[in-house]
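Chains as they are written, first to last, in the numbering used here: chain A, 1 to 759; chain B, 760 to 919. Ideal Cβ positions, reconstructed from N, Cα and C, are used throughout, including at glycine. In this text the structure is predicted, and so the values were computed from the model without any measurement. Worksheet: one structure, shown below.
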Amino acid sequence: MSSENRKYKWVGTRQIRPDGHDKVTGRAKFGSDFSVSGMIHGRVLRSPHAHAVIKSIDTSEAEALNGVKAVITSKDFKDQSSELKAAGEGMINYRDMTRNIMAREKALYDGHAVAAVAATTAEIADAALELIKVDYEVLPHVIDVDEAMKDGAPILHEEMVPSGIEIGGPTNIAKFVEFSLGDTKKGFDEADIIIERSYKTEAVHQGYIEPHAVVASVTEDGQAQIWCCTQGQFQVRAFVAQLLGMPTSSIRVTPSEIGGGFGGKTVVYLEPLATLLSKKSGKPVKMTMTREEVFRASGPTSGGSMTYKIGAKKDGKITAVEGSNKLLAGAFSGAPAGPACMCAVAPYDIKNVYINGYDVVVNRPKVAAYRAPGAPISAFGAESIIDEVAKELGIDPLKIRKLNAAKKGTQAAYGPTFREIGYEETVDIAMGHDHYLAPLGPNQGRGVASGFWFNIGGESSATVNINEDGTAVVISGSPDIGGSRASLALMAAETLGIDYDKVRPIVADTASVGYNFVTGGSRVTFATGLAVVEAAKDAVRQLCERAAKIWEVDAEAVIWDDGHAKPASSNVGDFEPLSLSSLAGQANKTGGPICGHNAQNVQGAGPAFATHICDVEVDPETGNVTVLRYTAIQDVGRAIHPSYVEGQIQGGAAQGIGWALNEEYIYNSKGQLDNPGFLDYRIPVASDLPMIDAVIVEVPNDRHPYGVRGVGEVPIVPPMAAVANAIENATGVRMSALPMSPPRLLAALDQADVKEAAE
Amino acid sequence: MAKHHISMTLNGEPTEFLCSTRQTLLDVLRDELNLTGSKEGCASGDCGACSVMVDDRLVCSCLVLGAECDGKTVESIEGMADGENLHPLQQKFLEEAALQCGICTPGVLVAAKALLEKNNNPTETEVRYWLAGNLCRCTGYDKIVRAVMSTAADMRGDAK
C-alpha cells in the first residue's frame, strides 16, 4: 500500500461489510425472498415464435378458471408515443418499452411476453396460461446481425426510421453513429504496414444467479408498493409510472438485496406486469422468472460483427485506425454502438481515427446493459489487431501499447482530452510483472490486452443523520451490488472522524431518500460516494455551528479535526475540543437534530484503464483451452475498500474469460433458443479458472474528494482479446470469432494443419 | 390429492410439514417453513444456490422432493452458525470479502462446510472441483477458494 494511503484512517482499509452477517447466514432478503400476506402469484405466457403477428388473443377460458384473479395482455396497457423521454441520464423510448414488456402487434422473439395471469397459486396460474389461445401468423425471422442488414431480410419494424443514416425503405438498422479524429487517409499513407481484419462476437447474458423477482401491491386508492431486485428503484418507479399512467408519487419502490445484475437489472420486465395484475385483482402479486425465462426474455448484451484496419510505422507507432462495429440490439433499438466506437482505441494516442457503429434489430430479446456495454466487443477487434501489428513488426505487445499509450493531455478520438489517467502505469506494471517474465511450456501461450471505460457520475442523493449517541446513519438510494455500503461507510467515517463500526449505511426506498440514478456505469462509490461525503461535510458544518453556539463564538472560528470540534486558533479562546458524540448528545439543546444532506448531478467521473496478462494451454487434440494464469492490472483512482475493488477486477475478468471461451446463444432454425439454462449456457465454474491476480494502481481522480474512479466495468474489456492473443501465441492460429470453444478452436486448428500441409 | 405429512429434523429441530407431491425440498424450505436462505437460481441442479445437507449428503434441494424427506436430517444455511457464533467459514468469508452480491453465498458455504468435514486439507484443485457445482457470477471464485483454504488451515490449527 502506498504511503499516501496511510494518511487516511478508514479509506483504503479492509473492513467487514455492513450487510455481511445477513449474507453469510441466509437472513438477507433477495427479490424472491419477499412475501406479503394475501399474496397471489403471477406467471407470463411467452411467444414460442421468433417473429409472428399476433392476430388475436382469447383469454376467456383462462379467466374462467377457478382461482384466476386477473389476466392481462397488451390491451391493458395504453400505447406510448415513439419519442425519447428523459429518465435519469438515459433517454427512453416508451413505445418500445411497452412493446417489450408485453408484445403488441407482433411477437418479436422467442420468449416475448404476450399475456400474464395472476392466480391464487402458481400452479393455477400455469394452468391458466395453457388456456390462453393466441392466434399467431408466423413470419420469417432473422437472428444474425449481418443477415439482418442484408437486402430482403425480414423486417422487424416496418415503420422504423433509422437515426443518423438515410435508407430508402424499411430497414433493421435503427441507428448509425460515427466518430473521427484527424485524417485516416493521411494516416494510412504514412504507415509502413496496414492490416485489415473482420471479427465477430456472440451475444452473451449477464448471468446473474438471481432471477428477476417482484412483489407489487396496489391499494384501492391507487397507491402502489413494489418490492423487487433492481439496480435502480427510481428507474422502476419512473418506468412503471409512465407505462401504467400513474403519478410518480403514488409508487413506492423498495429494492431488495440484489443477486447480481451487471447492468441487466437496470430495466423492467415483471414490475409493470405485477403492478397491473395487482391493480386488476386487488391483491398483492408476486412474480419470479424461471432461469429459462431469464435466458429467453431478459438481457443479454449485443453480439457484434466488426472490421478493423490499422496502419503503423516500422517502429510501432500507430498512424491510423478505421473500424466498423455492427451490433445487434435484439428486438428493439438500443445496442451500445456509440460506446463500442468510443472505447475501441481509447487507451491509445492515435492521431487519425475513424470508427462507426450500427444499432441493428434482430429477433432476439432486447439487449440490456452488461458491464462496460459495447466496449468489450470493439476491444476484442482493436486489441486483437494491435497484437497482429506487434507480431508483424516483431515488437513486444506491451511495448507497442506503451509506445502508443494515451496520457494526460491526449485527445481521445471520441472527443475529450484526458486529465490525469493511469493507463501507461498499467502497462509499465505489466511489463515488469513476474507473470509476464515467467517461462511457458509446450502448447502454452501468453496474451495481453488493454481496455478503457468512461465511468459515469449522475444523480445521487444522500443523507447522513447524526444519532444522539454519536453514531451515524448513512442513507443512500444506490442498490448495493457488490460491497458499496462498505465503501460509503468508510468514506463517511473518514469524513466525520468516527469509527467505521459507528456508521450504519442503508439503501433506502424511493420515498425515503432523494432521487438516485441506477447502480451502473461504475458510479456508486464515485458519485453516491461523493454525495455521501458532501452530506457528511454538511453534518460536520452543523456540528461546528453547535460547538460555536456552546462556546459563544462565530461558527467560522470552529474547525473539525479527527471527529472533534476545535477552536480554529488560540485567538478564538481556550476551549476543550468537543467530540462528535458529546455534540450529538446535546443536539436537542443546541438547535435540534443534526442531519446532513446532499443531492447533485455528479460530474467529473475519472476514466478507467486496465491491462491484462493471460496464459493459456491449448489441448491440440480437443481444442480445449485452459487458462493457466491471469493477471489484471487496473488504475482505480483510489481503492476505498481494496478487497471489493479486487473482487470487481477478478469478477470482471472471469466474466470476460467466459465470454471468450464458452458463452453463446444457440438458436435453432425456427429462431428458438436451444440453450436457456446453466447446463448448456456455460458460465465459468470454479474449476475452469485459476486465481486472478488483481493489481491495483492508484492514480487519483482529482474530481473526487478521495480520488475515486469507477472500478466495476473496465475489467471485462480486455479479457476476450487477451485470451485470443494467448491462443494465437500458443498455436499460431488467430481466432477472430467468439466464443473460442473447443469445437470452434479444433476446427480452426485442423484447418491450419490442412493449410500447412498444402503449402 | 392429499398432501404428504412429513417429519424431519431440520437444523437440529424436529420439524413437521405438509407438502404436495410436486413440491421440492427447496419449495418446502422457502414456501412452507419460511427459510429463504436457500436460493433458487435455476431449479435444475446446475447452480448450487439451494445446496443443503440431507443425512450428511450434499444435495441441491431443488432436485429433492419434500415428500422424500420423511425421517431425514436436513441442514440448511440457517443452521450453520452456532447461536451467535458464526461458523469459521462464515467468519472467513466476511474477513476475506469472499462474497459480492451474496446470492450464491449460502449454497457455497453449505458446500464448503461439507468439503471440510470430508477433507480438512484440500488442495486448490480439490476446492475448485468440489465447488464446481456452485455458480458464482460476481467473484471469479478467487476469494472464495482462498477463504475455504484458509479456513481449513485455521481449523487444522496450522501456524500462520
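Are there 16 or more other CB atoms within 10 angstroms of the CB of residue i, so buried, or fewer, so exposed?
{"i": "Ile167 (chain A)", "result": "exposed"}
{"i": "Val53 (chain A)", "result": "exposed"}
{"i": "Ala654 (chain A)", "result": "buried"}
{"i": "Met1 (chain A)", "result": "Any reading at Met1 (chain A) needs caution, since the residue's pLDDT is 39, under 50, leaving its predicted position unreliable; the model's value is listed next. Classification for Met1 (chain A): exposed."}
{"i": "Gly637 (chain A)", "result": "buried"}
{"i": "Asp786 (chain B)", "result": "buried"}
{"i": "Val161 (chain A)", "result": "exposed"}
{"i": "Lys78 (chain A)", "result": "exposed"}
{"i": "Ala113 (chain A)", "result": "buried"}
{"i": "Gly409 (chain A)", "result": "exposed"}
{"i": "Val754 (chain A)", "result": "exposed"}
{"i": "Pro416 (chain A)", "result": "exposed"}
{"i": "Glu105 (chain A)", "result": "exposed"}
{"i": "Ala438 (chain A)", "result": "exposed"}
{"i": "Asp387 (chain A)", "result": "buried"}
{"i": "Ser37 (chain A)", "result": "exposed"}
{"i": "Asp814 (chain B)", "result": "exposed"}
{"i": "Ala375 (chain A)", "result": "buried"}
{"i": "Thr780 (chain B)", "result": "exposed"}
Measuring CA to CA, which of the options is closest to residue i?
{"i": "Val294 (chain A)", "options": "A:Tyr665, A:Ile226, A:Arg703, A:Ala726", "result": "A:Tyr665"}
{"i": "Gln225 (chain A)", "options": "A:Gln231, A:Lys279, A:Asp189", "result": "A:Lys279"}
{"i": "Ile498 (chain A)", "options": "A:Ser569, A:Ser461, A:Asp561, A:Ser460", "result": "A:Asp561"}
{"i": "Gln600 (chain A)", "options": "A:Gly514, A:Gly323, A:Gly164", "result": "A:Gly514"}
{"i": "Gly656 (chain A)", "options": "A:Thr301, A:Asp221, A:Gln15, A:Val142", "result": "A:Thr301"}
{"i": "Ile318 (chain A)", "options": "A:Pro336, A:Pro567, A:Thr290, A:Asp349", "result": "A:Asp349"}
{"i": "Glu257 (chain A)", "options": "B:Asp814, B:Thr795, B:Asn878, B:Thr882", "result": "B:Thr795"}
{"i": "Trp10 (chain A)", "options": "A:Ala639, A:Ala548, A:Pro170", "result": "A:Ala639"}
{"i": "Asp469 (chain A)", "options": "A:Phe517, A:Thr417, A:Ala587", "result": "A:Ala587"}
{"i": "Gly445 (chain A)", "options": "A:Arg14, A:Ala726, A:Glu130", "result": "A:Ala726"}
{"i": "Val783 (chain A)", "options": "A:Asp396, A:Val268, A:Tyr644", "result": "This structure does not reach residue 783 (chain A), given that chain A is present from 1 up to 759, and the question cannot be answered."}
{"i": "Gly771 (chain B)", "options": "B:Leu777, B:Arg781, B:Glu834, B:Asp829", "result": "B:Glu834"}
Does the separation of the CB atoms of residue i and residue j fall below 8 angstroms?
{"i": "Ser484 (chain A)", "j": "Met306 (chain A)", "result": "no"}
{"i": "Ala340 (chain A)", "j": "Gly304 (chain A)", "result": "yes"}
{"i": "Gly447 (chain A)", "j": "Tyr370 (chain A)", "result": "no"}
{"i": "Asn668 (chain A)", "j": "Gly606 (chain A)", "result": "no"}
{"i": "Pro718 (chain A)", "j": "Glu383 (chain A)", "result": "yes"}
{"i": "Gly182 (chain A)", "j": "Val353 (chain A)", "result": "yes"}
{"i": "Ala821 (chain A)", "j": "Val177 (chain A)", "result": "There is no way to answer for residue 821 (chain A), as the model of chain A reaches only from 1 to 759."}
{"i": "Val532 (chain A)", "j": "Met491 (chain A)", "result": "yes"}
{"i": "His21 (chain A)", "j": "Pro140 (chain A)", "result": "no"}
{"i": "Tyr681 (chain A)", "j": "Glu698 (chain A)", "result": "no"}
Please return the same chain residues whose Cβ sits closer than 7 angstroms to the Cβ of residue i, not counting the five positions on each side in sequence.
{"i": "Ala127 (chain A)", "result": "Leu65"}
{"i": "Glu534 (chain A)", "result": "Asn598"}
{"i": "Arg872 (chain B)", "result": "It should be noted that the sequence gives Lys, not Arg, for residue 872 (chain B). Taken in chain order, the residues that qualify are Met839, His846, Leu848."}
{"i": "Cys806 (chain B)", "result": "Gly800, Leu894"}
{"i": "Ala536 (chain A)", "result": "Val464, Ala492, Thr495, Leu496, Gly596"}
Are the C-beta of residue i and some C-beta of chain E separated by less than 8 angstroms?
{"i": "Gly800 (chain B)", "result": "Reference to chain E is not applicable here, since the protein chains of this structure are A and B."}
In chain order, what residues of the same chain lie with their CB nearer than 6 angstroms to the CB of residue i, ignoring the 5 residues before and after it?
{"i": "Ile213 (chain A)", "result": "At residue 213 (chain A) the sequence reads Ala, which differs from the Ile that was named. Closer than 6 angstroms at Cβ, skipping near neighbours: Gly31, Ser32, Cys229, Thr288."}
{"i": "Ser820 (chain B)", "result": "Leu784, Leu785, Ser797, Cys809, Val811"}
{"i": "Gln80 (chain A)", "result": "Tyr94, Arg95, Thr98"}
{"i": "Thr768 (chain B)", "result": "Thr832"}
{"i": "Ile481 (chain A)", "result": "Ile258, Gly261, Thr519"}
{"i": "Gly381 (chain A)", "result": "Tyr199, Met306, Tyr308"}
{"i": "Gly232 (chain A)", "result": "Thr266, Val518"}
{"i": "Leu745 (chain A)", "result": "Gly623"}
{"i": "Leu398 (chain A)", "result": "Val427, Ala430, Met431, Val448"}
Leaving aside the five residues before and after residue i along the sequence, list all residues of the same chain whose C-beta is less than 8 angstroms from its C-beta, in chain order.
{"i": "Ala511 (chain A)", "result": "Arg252"}
{"i": "His435 (chain A)", "result": "Ile613, Asp615, Arg629, Thr631, Asp693"}
{"i": "Ser180 (chain A)", "result": "Val353, Tyr354, Ile355, Ala413"}
{"i": "Met789 (chain A)", "result": "The structure shown does not extend to residue 789 (chain A), since chain A is modelled only from 1 to 759, so the question has no answer here."}
* Report the residue ranges of all alpha helix (DSSP H) runs contained in full by the stretch 413–472 of chain A; include only those spanning at least 4 residues, in chain order. => Qualifying alpha helix (DSSP H) stretches, in chain order: 423–432, 434–437.
* **Complete beta strand (DSSP E) runs within the stretch 476–564 of chain A (minimum length 3 residues, chain order)** => Listed in chain order, they are 503–507, 558–561.
* Could you give the uninterrupted runs of the beta strand (DSSP E) lying entirely in the stretch 122–191 of chain A, keeping only those of 3 residues or more? -> Taking only runs of at least 3 residues, the beta strand (DSSP E) segments lying wholly in the stretch 122–191 of chain A are 133–138, 173–181.
* To do: Starting from the N-terminal side, write out each stretch of the alpha helix (DSSP H) that is 4 residues or longer and does not extend beyond the stretch 326–410 of chain A.
  => Those alpha helix (DSSP H) runs which fall completely within the stretch 326–410 of chain A and span 4+ residues are 337–343, 375–393, 397–403.
* Asked: Can you list, in chain order, the stretches of the beta strand (DSSP E) that have 3 or more residues and sit fully within the stretch 14–48 of chain A?
  -> Correct list: 40–46.
* Considering only residues of the stretch 190–231 of chain A, which uninterrupted beta strand (DSSP E) runs meet the minimum length of 3 residues and lie entirely inside it, listed in chain order? -> Runs of beta strand (DSSP E) with 3 or more residues, each lying fully within the stretch 190–231 of chain A, are found at 193–201, 213–218, 224–228, listed in chain order.
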